[in-house]
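Asker: Just so you know, we're using this note's numbering here: the sequence shown kicks off at -13 and counts up by one.
We treat Cβ as the ideally placed atom computed from N, Cα and C, and that holds for glycine.
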Amino acid sequence: MSRSPLFDTFARAPLAFDHGEGTWVVTTDGRRMLDFSGGVAVNVLGHAHPQLVAALKAQAEKLWHVSNLFRIPEQEELAKTLTDATFADKVFFCNSGAEAVECAIKTARRYQFVSGHPERVRVITFAGAFHGRTLATLAATGNAKYLEGFGPVAGGFDQVPLGDKKAVEAAIGPETAAIMIEPIQGEGGVRLVDRQFLRDLRDLCDRNGLLLIFDEVQTGIGRTGRLFAYQWSGVEPDIMTSAKGIGGGFPFGACLATEEAAKGMTPGTHGSTFGGNPLAMAVGNAVLDILLADGFMEEAQRKSLYLKQRLASVVDSHPDSVAEVRGEGMLIGVRCIVPAGDVIAATRDQDLLCVAAGENVVRLLPPLNVTEAEIDEGMKRFDAALTALEAAKASDG
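1. Below 9 Å between beta carbons: does that hold for residue 80 and residue 364?
2. If we count the other Cβ atoms within 10 Å of its Cβ and call it buried at 16 or more, is residue 56 buried or exposed?
3. Please list the terminal residues of the continuous alpha helix (DSSP H) segment that includes residue 25.
4. Residues in the same chain with beta-carbon distance under 6 Å from residue 172, minus the five sequence neighbours each way, listed in chain order, please.
5. Quick check: the region 28 to 45 against the region 1 to 8, are at least 3 beta-carbon pairs closer than 8 Å?
6. With distances taken Cα to Cα, identify the nearest neighbour of residue 74 among 241, 275, 293.
7. Helix, strand or coil for residue 338 per DSSP?
8. Roughly how many angstroms lie between the CA atoms of residue 221 and residue 18, to the nearest whole one?
9. Since residue 226 is in the beta strand (DSSP E), which residue starts that stretch and which ends it?
10. Specify the secondary structure class of residue 312 as computed by DSSP and reduced to three states.
11. Which partner residues of residue 145 appear in the DSSP bridge assignment?
12. Under the DSSP definition of a beta bridge, which residues are partnered with residue 7?
13. Grab me the residues of residue 313's own chain with a C-beta within less than 6 Å of its C-beta, minus the 5 sequence neighbours each way, in chain order.
14. State the start and end residues of the unbroken alpha helix (DSSP H) segment that holds residue 183.
15. Just reading off the beta strand (DSSP E) that residue 21 is part of, what are its end residues?
16. Among 377, 76, 339, which one has its Cα closest to the Cα of residue 360?
17. Out of 102, 20, 214, state which residue places its alpha-carbon closest to the alpha-carbon of residue 227.
18. Give me the Cβ distance between residue 157 and residue 146, rounded to the nearest whole Å; I'm assuming they're in contact under 8 Å.
19. Does DSSP put residue -2 in a helix, in a strand, or in coil?
20. Can you tell which of -7, -9, 21 has the C-alpha that lies nearest to the C-alpha of residue 1?
21. Would you identify the three-state DSSP class for residue 34, choosing helix, strand or coil?
22. With DSSP collapsed to three states, give me the class of residue 270.
23. Any idea which residues DSSP pairs residue 322 with across the strands?
24. How would you write the range of the alpha helix (DSSP H) that residue 123 sits in, first residue to last?
25. Return the CA-CA distance between residue 218 and residue 68, expressed in angstroms with no decimal places.
26. When you compare only the Cα positions, how much space is there between residue 149 and residue 381?
27. Hey, out of 305, 235, 16, 346, whose CA is closest to residue 39's CA?
28. Looking at the unbroken beta strand (DSSP E) that takes in residue 351, where does it start and where does it end?
29. Determine whether the beta carbon atoms of residue 44 and residue 268 lie at a separation below 9 Å.
30. For the candidate residues 354, 334, 123, whose alpha-carbon lies nearest to that of residue -2?
31. Buried or exposed for residue 49, going by 16 or more other Cβ atoms inside 10 Å?
32. What residues in its chain sit with their C-beta under 6 Å from that of residue 184, if we drop five residues either side in the sequence?
33. So which of 337, 374, 349, 356 has the shortest CA-CA distance to residue 12?
34. Is residue 274 near residue 352, with beta carbons less than 9 Å apart?
35. Quick check: what's the CA-CA separation for residue 99 versus residue 256?
36. How about residue 209 and residue 341: do their beta carbons lie closer than 9 Å?
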């Protein structure tokens, strides 16, 4: 194979895909595979969903791009749907999760600036987090592995242990603007955050004049069984990020905020050339139409419980390879005893696609409209992968 002209930033699996339908994808050499990787929590309705395809085709024949110098009615429609369904009053559309997090950070700092506290620029974040790959979001993430070699770390972030209220209290100072947290750490290993801890953060923010930011790039858009994960906790943030599933595979993101939190984001303070373009908005509106239809989320919750039950049975059958099922909705992690990379390679051999995460975890991220029969088939293949892995280990002595 000739040397790739692409940047060598991904350790890509030796697979390429030709087409997909629902939970299935077909490789360029004809293998039909069950996709529980979901494009890393993106394909919330699977591949080539007919309503999403129709929406994209219809919009593509009208307008692709006009820029935010003009009104974009489809933006206003999607923003109204999002604000009607959440705590938020305002929405900014962008192109990715990292951009949504950048917007959240800027929104929090501008809020403090216009509120008479220009010194309040620091954001408290948590160990194990993942907020993106830009220089600022890397600093917010705080993972030394991702920061190495990129020069001075962007200032303004204070990282503390997840779940440690006293550490958060100690980190709050006169320059603190906000606290940012993922309700579930996806990349960090599908680590659930205790709901009482989220309530404690809300209280700390209220008592100290800080804004609470929830990063829901991975946990939002139905992934946990509610439209956004915060809705399980009874805690409302001031600012929230969204991306991944919001476009069902079409790339865009959003930053949502209350009217008060967004009061500093006035004309000229922020912008995006492509953010909220008509193509993205057409698909986003179609995604939300499906997810918010009567009974859809309840059915997704029911199937996610079925998945966890079936998966727990498989895990119990392989105590030397895997140890724990964790997560909510269709954001499920399996903590591995053997290397997670070996498990993922073994599932690929069984034509099942999964994704790695921190803490030696394998993530299963099927679409919300996966069928029970597909869950059964996926668990059969996951079981077969573990069995094959154990047999190979035994033969190696």
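Answerer: In short, the structure shows the following:
1. Result no, Cβ atoms of residue 80 and residue 364 do not sit closer than 9 Å.
2. That one is exposed.
3. Judged by DSSP secondary structure, residue 25 falls within the alpha helix (DSSP H) whose first and last residues are 24 to 27.
4. Take residue 172, set aside five residues on each side of it, and the residues of its chain with a beta-carbon closer than 6 Å to its own are 204, in chain order.
5. Using a Cβ-Cβ distance cut-off of 8 Å, the region 1 to 8 and the region 28 to 45 are in contact, since at least three pairs of beta carbons, one from each stretch, lie closer than that value.
6. In terms of CA proximity to residue 74, 241 leads the group 241, 275, 293.
7. In the three-state scheme derived from DSSP, where H, G and I count as helix and E and B as strand, residue 338 is classed as strand.
8. One alpha carbon belongs to residue 221, the other to residue 18, and they sit about 42 Å apart.
9. Residue 226 -> beta strand (DSSP E) spans 225 to 228.
10. Residue state, collapsed to three classes: strand.
11. Paired residues: 111.
12. Looking at the DSSP assignment, residue 7 forms a beta bridge with 10.
13. 176, 319, listed in sequence order.
14. 181 to 194 is the extent of the alpha helix (DSSP H) around residue 183.
15. According to the DSSP assignment, residue 21 belongs to the beta strand (DSSP E) that extends over 18 to 21.
16. The shortest CA-to-CA distance from residue 360 to any of 377, 76, 339 is the one to 339.
17. Comparing alpha-carbon positions, the option among 102, 20, 214 lying closest to residue 227 turns out to be 214.
18. Sure, about 5 Å apart at Cβ, within 8 Å.
19. Looking at residue -2 - three-state DSSP - the assignment turns out to be coil, as it is neither helix nor strand.
20. Comparing Cα-Cα distances from residue 1 to each of -7, -9, 21, the minimum goes to 21.
21. Here residue 34 sits in coil by DSSP.
22. In the structure shown, residue 270 adopts helical secondary structure according to DSSP, grouped into three states.
23. Beta-bridge annotation (DSSP): residue 322 is paired with 308.
24. Taken as a continuous stretch (DSSP letters only), the alpha helix (DSSP H) holding residue 123 covers 121 to 127.
25. For residue 218 and residue 68, the distance between alpha carbons rounds to 17 Å.
26. Going by the C-alpha atoms only, they are around 43 Å apart.
27. Looking at the Cα atoms, 235 is the closest of the given residues.
28. Counted as a single uninterrupted DSSP element, the stretch harbouring residue 351 is not any beta strand (DSSP E), since DSSP gives it neither H nor E.
29. Taking 9 Å as the cut-off, the Cβ atoms of residue 44 and residue 268 count as close.
30. The alpha carbon of residue -2 has as its nearest neighbour, out of 354, 334, 123, the alpha carbon of 334.
31. Exposed: under 16 other Cβ atoms inside 10 Å.
32. Once the five neighbours on either side are set aside, the close Cβ partners of residue 184 are 219, 221.
33. Among 337, 374, 349, 356, the Cα nearest to that of residue 12 is on 337.
34. Not a contact, by the Cβ cut-off of 9 Å.
35. One C-alpha to the other measures close to 15 Å.
36. No.
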